[in-house]
Amino acid sequence: NNNNNNNNNNDGNDENRRREEQEKRLHLLSQGAEARVFSTTFLGKPCVVKQRFRKKYRHPVLDQKLTRSRLFAECRSLMKARILGVQAPTVLFVDKRSSSIFMERVEGKSLKEVLKSIAAEEDEEGEEKKEEEKTTPPRNATAEDATAAPSSSSPLSSSAHRRAVKYGREIGLIVSKLHDGNITHGDLTTSNFLVHAQTDSIYVIDFGLSKTQIVGEEDIGVDLYVLERSLVSAHSREGARVWQECLRTWKETCGKSKEAFKRYEEVRARGRKRSMVG
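First residue of the sequence shown: 6, per the numbering used here; consecutive thereafter.
Listed below in structure tokens is the structure:
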């Protein structure tokens, strides 16, 4: 019995040491209402860890059950999304004890950052164009001027326009696959889309509020409305173009689009009414 107790104590000590060593290698990236996100390595490869923390205001038993349920639900959504052909992080490991998901690290920037960068480039190009026009002597207009392509001082230059269209199509296809696969994301904001640094393709992350059971038209409508508000409200020029392409692609490719779009319009109308009333 003493030998067994000693072995159990040694195992516990080893586990604690491993956990402490792992925590030392964690670098905090962000913290939300439900979880913290860290960067670290897993089996020698860079990864991201999403760790759900305890809520002290909840009863410990209830908190543990809810945390574990949401942990597994997020894992299921991530794996199901990848099966559907959606670009999302690969789940590498799930640690039930620390309520953590170890995921592939997608190298890149959030769509929010990229759209802000595009806007800044557009503003800079516009200022440069104005300076050129000030220093260039005026000349008589010709017939060629009337058919000339729009300059970079237009709302979206050709380069920015192409990127906005590309991102919109990719997001529309991602959302379409999720909805046809009976998944609603629950938080489709520009912070939860990543633009891959090498391929410039879109990945979707953070399935913490996702839903995979009994997904109705209302859920899909809310998903679309949240995405629209995130794009158009925060990124007026670039976001509007991305949203137009996204919605068009979703309507063309999603099998549930006909009925779900009607519900989206109802959700949108309710949202506008609330914003008017305050």
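From the three backbone atoms N, C-alpha and C, an ideal C-beta is built for every residue, glycine too.
As the structure is a computational prediction, the values presented were derived from the model and not from experiment.
Check                                                                                                                                                                           : Outcome
In angstroms with no decimal places, state the Cα-to-Cα distance between residue 73 and residue 188.                                                                            : 20 angstroms
Express the C-alpha separation of residue 225 and residue 268 in angstroms, rounding to a whole number.                                                                         : 8 angstroms
For chain D, find out if any of its Cβ atoms is closer than 8 angstroms to the Cβ of residue 178; answer yes or no.                                                             : Included in the structure is just one protein chain, with no chain D present.
Is it true that the CB of residue 264 sits closer than 8 angstroms to the CB of residue 222?                                                                                    : yes
Return yes when at least one heavy atom of the ligand NAD lies under 7 angstroms from the C-beta of residue 182, else no.                                                       : For the structure depicted, the ligand NAD is absent and the ligand set is empty, with no information on it obtainable.
Taking residue 164 as part of the beta strand (DSSP E), name the residues at either end of that continuous run.                                                                 : Careful: residue 164 lies outside any beta strand (DSSP E), inside the alpha helix (DSSP H) at 163-185.
From 243, 201 and 232, pick the residue whose C-alpha is nearest to that of residue 273; which is it?                                                                           : 232
May I ask you to report which of helix, strand or coil DSSP gives residue 47?                                                                                                   : strand
What distance in whole Å lies between the Cβ atoms of residue 32 and residue 43, which are believed to be in contact at a cut-off of 8 angstroms?                               : 6 angstroms
For residue 63, which residues from the same chain have a beta carbon less than 8 angstroms from its beta carbon, with the 5 sequence-adjacent residues on both sides left out? : 71
Which residues does DSSP pair with residue 88 in a beta bridge?                                                                                                                 : None; residue 88 has no bridge partner.
Is residue 200 helix, strand or coil when you go by DSSP?                                                                                                                       : strand
Using a threshold of 8 angstroms, state whether the C-beta atoms of residue 240 and residue 165 are closer than that.                                                           : no
Classify residue 276 as helix, strand or coil using the three-state DSSP reduction.                                                                                             : helix
Which residue spans inside the region 198-239 form an unbroken alpha helix (DSSP H) run of at least 4?                                                                          : 222-239
Return the Cβ separation of residue 252 and residue 198 in integer angstroms, given the expectation that the two are a contact with Cβ distance under 8 angstroms.              : No, residue 252 and residue 198 are not in contact; Cβ-Cβ is about 15 angstroms, not under 8 angstroms.
So, at 7 angstroms on beta carbons, what are the nonlocal neighbours of residue 105 in its own chain, with the 5 sequence-adjacent residues on each side left out?              : 54, 55 and 56
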